[in-house]
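**Student:** For the record, the sequence lines run as chains P and Z. Mapping of the first sequence onto numbering that gives the first Met the number 0: residues 0 to 115, in sequence order. Mapping of the second sequence onto numbering that gives the first Met the number 0: residues 0 to 146, in sequence order. Ideal placement from N, C-alpha and C gives every residue a C-beta, glycine not left out.
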Amino acid sequence: MTYQSRPSSRSAIIITTLEGVPGRTITQHFGLVQGSTIRAKHIGRDIAAGFKNLVGGELHGYTELLQEARQEATDRMLQQAAQMGANAVVNVRYSTSSVAQGAAELFAYGTAVRVD
Amino acid sequence: MLELLVIFGLLALGYVAGSIIEQNHYASIKVRERRTQSVPVYNIGAKYPLPEAKGAKLFVGSVVISSDYYKAFLAQFSKLIGGQIFAYESLLDRGRREALLRMKEDAIRWGAKKVVNVRLETATIGNSHGDAGILSIEVIAYGTGLR
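Structure, rendered in structure tokens:
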């Protein structure tokens, strides 16, 4: 099986947190795929958040930052899955950890499969 | 003397603004929870036979929420005597419910009838001032929407 013979565009890949895709059967397992990214806050956002910290509530800047980062991690996972020829990633899990002062790692992993 | 005044000022600001923000947030959470009540959310699903559905998609809801100066002060104080830290309980509660709501609202826009195998994660977002700073947390909720 070559990558060229099984082109799957990344956007067409189905992602679920279940052990399969409802209504479809798994025909092939490709194993674990993962994607991660480490992001640091930038100073502008940090200063704004510093003020927001005093009164509390949602820090929109950080929410967006982490959403973008999570999307990036997911994309990397999907890229890996697409390279294997998968058209679905099942049992996906996310995790976040702060690896350094002011930086966070966003990590996504799942099992790449082919479904009918 | 001036330092004390500044601290009291910040405490008052944190208390007043923090309470208003929290009340508004809870009011919005309650309204949206009622509005999205018709779509159930389950945290089971992984070990059950796959449900019947025409489509399945991953939905993620996330929020970064910060405590205020007053709460951080209270929590610092509570740490001396131990026990429950009331100040932070509502913060985490708000974060979780907000994240779940965002996931649900996203799923409803797509046409989901239910969301299964939902997982919740909490992470502390360290600030640049180290441990002494004000707690901010990120909560994410993710699950599979079915339609």
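Beta carbons nearer than 8 Å to chain Z: which residues of the segment 14–37 of chain P have them?
**Tutor:** If the cut-off is 8 Å between Cβ atoms, the segment 14–37 of chain P has Ile14, Thr15, Thr16, Leu17, Glu18, Gly19, Val20, Pro21 and Gly22 near chain Z.
**Student:** Between the beta-carbon of Z/Ala140 and the beta-carbon of Z/Ala74, is there less than 7 Å?
**Tutor:** Not in contact: Z/Ala140 and Z/Ala74 (Cβ atoms no closer than 7 Å).
**Student:** Our contact map puts Z/Arg118 next to Z/Ile28 with C-beta atoms below 8 Å; I'd like the distance itself, whole angstroms only.
**Tutor:** Not confirmed; about 20 Å, so no contact.
**Student:** Quick one: residues in its chain with C-beta nearer than 6 Å to the C-beta of Z/Gly60, no 5 flanking neighbours on either side, listed in chain order?
**Tutor:** Cβ within range, chain order: Ala98, Arg101, Met102 and Ala140.
**Student:** Please decide whether Z/Val30 counts as near chain P, where near means a Cβ-Cβ distance under 7 Å.
**Tutor:** With 7 Å as the cut-off, Z/Val30 does not count as an interface residue toward chain P.
**Student:** Report back the beta-carbon spacing between P/Glu114 and P/Thr16 to the nearest angstrom; my notes put them in contact at under 8 Å.
**Tutor:** The question names Glu, but residue 114 of chain P in the sequence shown is Val. Incorrect: roughly 15 Å between the Cβ atoms, too far for contact.
**Student:** Taking C-beta pairs closer than 9 Å, name the residues in chain Z that P/Ala103 reaches, listed in chain order.
**Tutor:** Going along chain Z in sequence order, the residues near P/Ala103 (Cβ under 9 Å) are Ala122, Ile124, Gly125 and Glu137.
**Student:** State whether the segment 99–108 of chain P contacts the segment 41–50 of chain Z, with contact taken as three or more CB pairs (one from each stretch) at a distance under 8 Å.
**Tutor:** Contact fails: fewer than three Cβ-Cβ distances are below 8 Å.
**Student:** In angstroms, rounded to a whole number, what distance separates the CA positions of P/Gln78 and Z/Lys56?
**Tutor:** Taking the straight line joining both Cα atoms gives about 17 Å.
**Student:** Given that P/Glu57 touches chain Z, what residues does it touch there, using C-beta distances under 7 Å?
**Tutor:** Simply Val62, Val63 and Ile64.
**Student:** At least one CB of chain P closer than 7 Å to the CB of Z/Ile43: is that the case?
**Tutor:** It does not; no Cβ of chain P falls within 7 Å.
**Student:** With a threshold of 16 other CB atoms inside 10 Å of the CB of P/Gln20, please say whether the residue is buried or exposed.
**Tutor:** The sequence shown places Val at residue 20 of chain P, rather than the Gln named in the question. Counting Cβ neighbours within 10 Å, P/Val20 comes out buried, since at least 16 surround it.
**Student:** If the cut-off is 8 Å on Cβ atoms, which residues from the segment 85–98 of chain P count as contacting chain Z, listed in chain order?
**Tutor:** The residues in question are Asn90, Val91, Arg92, Tyr93, Ser94, Thr95, Ser96 and Ser97.
**Student:** For Z/Leu10, which three-state DSSP category applies?
**Tutor:** It is helical.
**Student:** By the 10 Å Cβ neighbour count, where 16 or more other Cβ atoms means buried, how is P/Lys40 classified, buried or exposed?
**Tutor:** The residue is buried, with at least 16 neighbouring Cβ atoms inside 10 Å.
**Student:** Excluding the 5 residues preceding and the 5 following P/Arg116 in the sequence, name in chain order all residues of the same chain whose CB lies nearer than 6 Å to its CB.
**Tutor:** The structure shown does not extend to residue 116 of chain P, since chain P spans only 0 to 115, so no value can be given for it.
**Student:** Does P/Gln82 have its Cβ less than 7 Å from a Cβ in chain Z?
**Tutor:** Chain Z, which has no Cβ nearer than 7 Å to the Cβ of P/Gln82, makes this no.
**Student:** What are the start and end residues of each continuous alpha helix (DSSP H) run of 4 or more residues lying completely inside the segment 57–115 of chain P, in chain order?
**Tutor:** Fully enclosed alpha helix (DSSP H) runs of 4 or longer: 59–83.
**Student:** If we call anything under 7 Å between Cβ atoms a contact, is P/Ala80 one with P/Ile12?
**Tutor:** A contact, by the Cβ cut-off of 7 Å.
**Student:** Give every residue of the same chain whose Cβ lies closer than 6 Å to the Cβ of P/Ala116, excluding the five residues on either side of it in the sequence, and list them in chain order.
**Tutor:** Within the shown structure, residues of chain P are numbered from 0 to 115, placing residue 116 of chain P beyond reach of any answer.
**Student:** Only counting the same chain, and skipping five residues up and downstream in sequence, which positions put a Cβ closer than 8 Å to that of P/Leu53?
**Tutor:** Nothing listed; no residue qualifies.
**Student:** Return helix, strand or coil for P/Arg23, following the three-state DSSP convention.
**Tutor:** It is coil, neither helix nor strand.
**Student:** Using 6 Å as the cut-off, classify the Cβ of P/Ala47 as near or not near the heavy atoms of the ligand MG, replying yes or no.
**Tutor:** No copy of the ligand MG appears in this structure; indeed no ligand is present at all.
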